[in-house]
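**Student:** To start, I am sharing the structure in question, which I have written as structure tokens.
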Amino acid sequence: MDGKEVESFGEIVQRAGGSAVLATLSPIDDQSAPELMRAFYRLRYLEGRDKASALREAQLSVMRNSSAATAPWRGTVLSASAAVGTGSGSGGEGEAPPWDGKGFSHPYYWAPFVLMGDWK
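Heads up: the sequence shown begins at 3 in the working numbering, then just goes up one per residue.
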């Protein structure tokens with residue numbers, strides 16, 4: 003082993019010439035992630051925000067929105083490697099936290115996303 007097995011996809015993309023990568027640090031929820039991405043791209047390309055502020059505002063938007071209050075799907079996640087699993091909702095590793103009726107306010111739903119590289 004030469005250490006390359008721990009390189010992240012984001013680092014590999016940047017080495018290949020990508021100026022910035024929006025990546026995740028942990029599994030993501032398959033209902034909140036699309037909301038966050040829609041908000042991010044709307045803020046970035048329709049409103050002209052830089053990447054860092056677009057991500058911040060998208061995370062705040064997902065955190066504050068209660069549009070998920072009627073969501074029946076708790077526990078379904080997508081990992082950064084696109085593996086799909088269904089958790090019991092107990093809040094264990096790779097599972098959504100217990101449903102509290104507060105939409106996506108828990109950090110599980112918006113905190114895994116990080117911007118690597120050029121933030122502008």
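Note that beta-carbon positions come from the ideal geometry of N, C-alpha and C, so glycine has one too. On a predicted model such as this, the values are computed, not experimentally measured, just so you know.
Using a Cβ-Cβ cutoff of less than 6 Å, which residues in the same chain neighbour Ser21 once the five nearest sequence positions on both sides are dropped?
**Tutor:** Excluding sequence neighbours, Ser21 sits near Gly119 and Asp120.
**Student:** Please work out which residues of its chain come closer than 8 Å, Cβ to Cβ, to Ser34, disregarding the five sequence neighbours upstream and downstream, and give them in chain order.
**Tutor:** Answer for Ser34: Val64, Ala70, Phe106, Tyr111 and Trp112, listed in chain order.
**Student:** I need the DSSP call for Gly12, collapsed to helix, strand or coil.
**Tutor:** DSSP places Gly12 in helix when its eight states are reduced to three.
**Student:** First and last residue of the beta strand (DSSP E) that includes Leu27?
**Tutor:** Where Leu27 is concerned, there is no enclosing beta strand (DSSP E), given that its DSSP letter is neither H nor E.
**Student:** Give me, in chain order, the residues of the same chain whose beta-carbon lies closer than 7 Å to that of Gln122; leave out the 5 immediate sequence neighbours on both sides.
**Tutor:** In the sequence under discussion, the amino acid at residue 122 is Lys, which differs from the Gln named in the question. Only Asp52 and Lys53 meet the Cβ criterion.
**Student:** CA-CA distance, Glu97 and Ala25?
**Tutor:** Near 19 Å, if we compare the C-alpha coordinates of Ala25 and Glu97.
**Student:** At the level of alpha carbons, what is the spacing between Arg66 and His108?
**Tutor:** Distance between the alpha carbons of Arg66 and His108 is about 10 Å.
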